[in-house]
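Chains as they are written, first to last, in this note's numbering: chain A, 17 to 355; chain B, 90 to 418.
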C-alpha cells in the first residue's frame, strides 16, 4: 500500500465525517425527524477502509448500515435518509451510483451481488487490471441465512469476481456471535472452496489493504474472497434497540479503547503528518456537513398520497390505474380537499 | 402462414429459442436445463446451440436461482429462470415477493427486473407430493409481479416470448399435464401480431353460461362445453390467460349476456383466483346475474396421493354439475 501523507489524512477525514454524519442522523431520530436509524458507530474503519479500496468501476451491495461506504463512493449522504424518514423506500439507481439500494431482508443482497458478479464475468470484464469486481456487505448474523450460504456456493461454482465483506460487529440485535457460528467466520470460506481472511475491522489501513487485494484478485479472475472485518457495534442495532438489556458496560468500554478514529489519529500524530489545525479543520468541516444534512432532512416533503400507486410496474397495469383513479375521486370528495 | 402441429412443450422450446436468438441478453437458468434439456425437455437443445453461458445449469438452490437472476438483471441481462416443479418454488418465495416484486417500486422506477420465472404447475400426472401444486394465487396476490398461464401450444409459443420481452417480472405458469398435447402453432407470424399477453380470450363462444378457466383447466372447460352442447346447453368458455393483472372486460361482457358464471381451477377454492374473479364479477355484473358465481376447484386439502387425484381435480362432470346448479336459483 502506497499512501501519500495527504491520502492518510483524507482517510482520517472520512472516518470523522462519517461518524459525525451518523451522529447527526441518530439525533434526528431522537428528535422525531427520522422514524428509525441504523448507526454505524464503531464500524467506521471497516467501511471507510473497504469503501476507499473500491475502484470507480466496482459495484457495491450494502445492507442498511453502510452509510460510510456510501459516503466513500462519493454519494450524497442525504440519499438513504428518505428511507429512514419514511418518505420513500430508499430508491436510487444502483447502476448510476455503483451502489445498490439498501436491502433490509438479511443477506438477500449477497445473492444479488453474486448474480451481478456472474454478469461481469459473462461480459468478459474480468482478467485484467481494469476489470470489474463486486463487494457484498453483510453482518455476522447474516452468515446463518440460507441466501448467504447459497451466494457462497454460486460464487465458488461460477468463480465469480466478488468480495464477501462481513462486518462481524459481534451482535445480531441481541444475539452474540456464538449464536451464529462455532468457528471464526473467515474459516467458513474454506468449506466452500475459496480464501477467507480476518482483518482488524477497527484498523482503516488494514481494512483498506485486505479489501484492495481481494478486489484486485477478483477483477483479475481469481474468484471470490471472504473478508471478516472484526469490529464492534458500539451503538444499538437501531434506534429502536436497547443494548443495555443484553450486554454489559465493561464490554463496550473494552472496545472503546480500540476506537478506530482514535487509532488513526494516533497514527497521524506518531507519523507527524497532521497537526491540531488539521484536526480542527476536519471537525469543523464534518460539523458543517452534518448541519447541511440536517437542513435537507427537515426540508424533505411528505409524498403525495396518490404517488403510492407509482412505479409498481414498469409496463403499467390498467387495473391498478383504475384503482388509483377511484382513490383519487374518493380523496377529492372531501370538502376542502386539495385534490 | 406456416402452421405446424406441435406439442406445448415443443412450442415453449421454440419460443425460448426465438427469444434467445432475438436478444443476446436473454439467458435461461435453472436446474437441469442445460445438458439434460430440462426434466420435461422444455429447454432441449438450447445449451448445445447457445452455449453454457446463456443456458446455465445452476446449483440446486431455488432462492439462489431467483436471487442471482436479480443481480443479473441489474447488470442488464434478461434471465429466464426455471423452477423445476411448482412445489419447489417456495425456497425462492422470499426473493420473489420481497425483491423481484418490489425493486421497481423501491427504486421508484429506476430499476427494471425483466425476469421470467417459469413454473410447471398443476396435477393430473400421477406424481408424488410437491409435483402437482397450483401456487399461482400466492404470486397474483403480490403487487409488482405479473402472472400469466398458457393453455395451448399456440399461446405457449407467443406468450413465452412476450413475457421475456416484458420489462416487468413475470411468473409464467405452464400447465405440465398439457405439455404433450398438440396444437397448431404459426411460427412465422411476427410477435407483434400475437394476441396481447395480458388479455383474456373467448376460446369457445356460447350463450347460456360463462365458464372461466386458465392453464390446465381450459381444455377441461372446453370438453365440458362439448358435452353440454349435446344436451342443448351452450357454454361460453373464456381463457383468463393473465392472472395478474386480470383482464375481465370480455368476461363482464360475456356474463352480462349469459347471466351465469362458473370459474374452474385446480388450486384449492379458499382464497384462490376464483374468489377474486367472483367478487369482481358480482360487483360489475350484479344486475345481470341470475345466480351467484360458482367455483369448481381443488378441495381445501393438500394435494392428494396420485391414486385419488382424479377425485380431487375438477373434471368435466364437476364443471357440468356446477353449470346445472347455476340454474337452481
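Note that the Cβ used here is the ideal one computed from N, Cα and C, for glycine as well. Computed from a prediction, not measured in an experiment: that's the story for all the values here.
- Residue 169/A reaches chain B at 148, 150 and 153, counting residues in chain order whose Cβ is nearer than 8 Å.
- Taking a 10 Å sphere around the C-beta of residue 385/B, we find 16 or more other C-beta atoms and assign the residue as buried.
- Taking 9 Å as the cut-off, the Cβ atoms of residue 55/A and residue 251/A count as close.
- Residue 124/B and residue 301/B have their C-alpha atoms some 39 Å from each other.
- Burial is judged here by how many other beta carbons sit within 10 angstroms of a residue's own beta carbon; residue 360/B has fewer than 16 and is exposed.
- For residue 277/A and residue 126/B, the gap between their C-alpha atoms comes out near 56 Å.
- Selection 76/A, 246/A, 36/A and 132/A evaluated against residue 222/A yields 246/A as nearest (Cα-Cα).
- For residue 88/A, the enclosing alpha helix (DSSP H) has its first and last residue at 83-88.
- The C-alpha of residue 291/B is placed about 56 Å away from the C-alpha of residue 87/A.
- If you draw a straight line from the Cα of residue 206/B to the Cα of residue 413/B, it is about 38 Å long.
- When rounded, the separation of the alpha-carbon atoms in residue 210/A and residue 204/A is 9 Å.
- At a beta-carbon threshold of 9 Å, none of the residues of chain A lie near residue 186/B; the nearest stands roughly 10 Å away.
- Excluding its 5 nearest sequence neighbours in each direction, residue 235/A has C-beta neighbours in its own chain below 7 Å: 142, 147, 148, 149 and 177, listed in chain order.
- By alpha-carbon distance to residue 99/B, the top candidate from 168/B, 271/B, 404/B and 145/B is 271/B.
- Setting aside the 5 residues that flank it on each side, residue 201/B is surrounded in the same chain by 193 and 256, each with a C-beta closer than 7 Å to its C-beta; the list follows chain order.
- In terms of beta-carbon proximity, residue 116/A lines the interface with chain B, with at least one pair separated by less than 9 Å.
- Not flagged as an interface residue toward chain B: residue 80/A, since no C-beta distance is shorter than 9 Å.
- A distance below 9 Å separates the beta carbons of residue 100/A and residue 45/A.
- For residue 183/A, the secondary structure class from DSSP, reduced to helix, strand or coil, is strand.
- Residue pairing from DSSP places residue 350/B in a beta bridge opposite 299/B.
- By the Cβ-count criterion, residue 417/B is exposed, with fewer than 16 other Cβ atoms from all chains shown falling within 10 Å of its own Cβ.
- The DSSP-derived three-state label of residue 219/A is coil.
- Taking C-beta atoms as the reference points, residue 369/B and residue 335/B count as a pair closer than 9 Å.
- Using a 10 angstroms sphere on the CB of residue 406/B, the tally of other CB atoms stays under 16, which defines it as exposed.
- With contacts defined as CB atoms closer than 9 Å, residue 113/A and residue 95/A qualify as a contacting pair.
- Shown in chain order are the members of the segment 238-260 of chain B whose Cβ falls below 8 Å from a Cβ of chain A: 255, 256 and 257.
- In this structure residue 199/A is exposed. Its beta-carbon is surrounded by fewer than 16 other beta-carbon atoms within 10 angstroms.
- The beta carbon of residue 333/A sits closer than 9 Å to some beta carbon of chain B.
- Inclusion of residue 258/B and residue 235/B in the CB contact set at 9 Å is warranted, their separation being smaller than that value.
- Take the alpha-carbon of residue 350/B and the one of residue 104/A: they are about 42 Å apart.
- At the C-beta level, residue 356/B and residue 180/B stay beyond 9 Å of one another.
- Considering only beta carbons, the part of the segment 93-118 of chain A lying closer than 8 Å to chain B consists of 104, 105, 106, 107, 108, 109, 110, 111, 112, 116 and 117, in chain order.
- Considering only 380/B, 382/B and 398/B, the residue with the shortest C-alpha distance to residue 388/B is 398/B.
- In this structure, the straight-line span from the alpha carbon of residue 274/A to that of residue 229/B is close to 52 Å.
- Contact check for residue 275/B and residue 91/B: beta-carbon distance about 6 Å, within the 8 Å limit, so the pair qualifies.
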